[in-house]
Amino acid sequence: MLRMSANPTVAVLLAAFEGEVWIAEQVSSILDQQDVQVALYISVDPGQDGTLSWCQQLAERDSRVTLLPQQRAGSAAANFLRLIRDVPAETADYVSFADQDDIWRPDKLIAGIKLLQISNASGYSSDVDAFWPDGRQQRIVKSQPQREYDYLCESPGPGCTFVLTKALYTALQGFVAQHQSALNTLHFHDWLIYAFARASGYQWVIDSESYMAYRQHANNEQGANVGVLHKLKRFKALLGGRWFGQMQLLAKLLADRDPAAQQVADAFARGRMGYWTLFCWAPKLRRAKFEQWVWAFACLLTVLLGPPRS
Numbered sequence: 006m007l008r009m010s011a012n013p014t015v016a017v018l019l020a021a022f023e024g025e026v027w028i029a030e031q032v033s034s035i036l037d038q039q040d041v042q043v044a045l046y047i048s049v050d051p052g053q054d055g056t057l058s059w060c061q062q063l064a065e066r067d068s069r070v071t072l073l074p075q076q077r078a079g080s081a082a083a084n085f086l087r088l089i090r091d092v093p094a095e096t097a098d099y100v101s102f103a104d105q106d107d108i109w110r111p112d113k114l115i116a117g118i119k120l121l122q123i124s125n126a127s128g129y130s131s132d133v134d135a136f137w138p139d140g141r142q143q144r145i146v147k148s149q150p151q152r153e154y155d156y157l158c159e160s161p162g163p164g165c166t167f168v169l170t171k172a173l174y175t176a177l178q179g180f181v182a183q184h185q186s187a188l189n190t191l192h193f194h195d196w197l198i199y200a201f202a203r204a205s206g207y208q209w210v211i212d213s214e215s216y217m218a219y220r221q222h223a224n225n226e227q228g229a230n231v232g233v234l235h236k237l238k239r240f241k242a243l244l245g246g247r248w249f250g251q252m253q254l255l256a257k258l259l260a261d262r263d264p265a266a267q268q269v270a271d272a273f274a275r276g277r278m279g280y281w282t283l284f285c286w287a288p289k290l291r292r293a294k295f296e297q298w299v300w301a302f303a304c305l306l307t308v309l310l311g312p313p314r315s
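With the numbering used here as the guide, the letters of the sequence shown map in order to residues 6 to 315.
Structure representation (structure tokens):
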């Protein structure tokens, strides 16, 4: 097992867009992390509120904060990919990601680093505690046992829980730079990171503990999949082709480094009957039992009715 170096340095990559209402609380919880040295990098997608001005003032008064030059991204995924391309990791031991509206426990980063070292893993994610403006709270469990091919079908938790080793992050940077054009249609940066890591042979650990409060509000681009309406929305995205389209994109991009990704890409290329393969692979592609049934049902419908347009 690797020894824990004193106060490891963590580069935290934060993507912001019209988050003036919440960003101060989020940033405070990042800069107050215990037993680590934080270097915070912020990319602001231009909006109509005062987020950019607030971040400029913060960077001027706190040397730990770097504000990247203004650049229009258009989505959270594109903003995070911009951060991955542009933020070097030479001076960091680990790299983490942050949304603009959550609240981190003071031991979030060091807990992730410790589990990475204990597990001899390169990537870390965890469960989260979602909370709503009306006071509701709910644990979002993503720590079901990893499956043989789950990385080709889902994320291991919100990207804001991720901690990566420098080696994994550097490899990811090269991949993102190589496939920059193809990734323009990517909607889920967290899924990409997990898929790249697993397809490239890196070990990943999912923590059953939660170290952050995951804020839910009307402006969430990607929120917690909680409640009947949210589950129906996700199922509609699956049947409508969006999810299959993202899976096909990742499989194509990873096929040259991972035989399973090549098999998934081949299944999509076969059209309707290729979804029979994906139906049979449901226990290998989804971690949660309920999600396995949903996936199998969607694939079976596609076999019967034909592939949706992505």
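By construction, the Cβ of each residue, glycine as well, lies at the ideal position given by its N, Cα and C atoms.
Opposing strand residues paired with residue i [DSSP bridges]
i, result
"M217", "W109"
"Y46", "L18 and T71"
"Y99", "V15 and T170"
"V210", "Y129"
Closest Cα partner of residue i within the set the options
i, options, result
"W209", "S215, Y129, P264 and A176", "Y129"
"A182", "I145, T166 and V92", "V92"
"E153", "V308, V299, R291 and F302", "R291"
"Q39", "E30, L177 and A11", "A11"
"G79", "Q62, G52, S58 and A103", "G52"
"K294", "A82, H192, Q149 and G246", "Q149"
"H192", "L255, Y156 and I35", "L255"
"L120", "L157, D155 and L169", "L169"
"F180", "C158, L18 and S205", "S205"
Separation of residue j from residue i, as counted between CA atoms
i, j, result
"R69", "D132", "27 Å"
"L46", "A126", "Note on residue identity: the sequence assigns Tyr, not Leu, to residue 46. If you take the alpha carbons of Y46 and A126, they lie about 24 Å apart."
"G279", "A260", "16 Å"
"R87", "C304", "33 Å"
"A276", "T282", "It should be pointed out that residue 276 corresponds to Gly in this sequence rather than to Ala. One C-alpha to the other measures close to 11 Å."
"H194", "W248", "13 Å"
"P312", "D67", "52 Å"
"V32", "S101", "13 Å"
"D139", "T175", "41 Å"
"L310", "D54", "46 Å"
Own chain partners of residue i with C-beta closer than 8 Å, once the 5 adjacent residues on each side are dropped
i, result
"T56", "A21, F22, E23, G24, E25, I28, V49 and Q105"
"E214", "A116, S131 and D132"
Own chain, CB closer than 7 Å to residue i, minus 5 neighbours either side, in chain order
i, result
"P161", "S130, K147, Y199, W209 and I211"
"Y216", "W109, R110, D112, K113, A116 and S131"
"Y207", "S127, G128 and L173"
"A202", "S127, G128, L173 and W209"
"L258", "H184 and A187"
"E30", "I108"
"A82", "L191, H192, F193 and H194"
Residues near residue i by beta carbon distance below 6 Å, same chain, minus five either side
i, result
"T14", "Q42, A97 and D98"
Legend entry - Within the segment 277-307, ranges of the alpha helix (DSSP H) (whole runs, at least 4 residues): 279-285 and 287-290
Inset, instruction - Within the segment 103-191, note down every full beta strand (DSSP E) run reaching 3 residues or more, in order along the chain. - result: 128-136, 142-145 and 168-170
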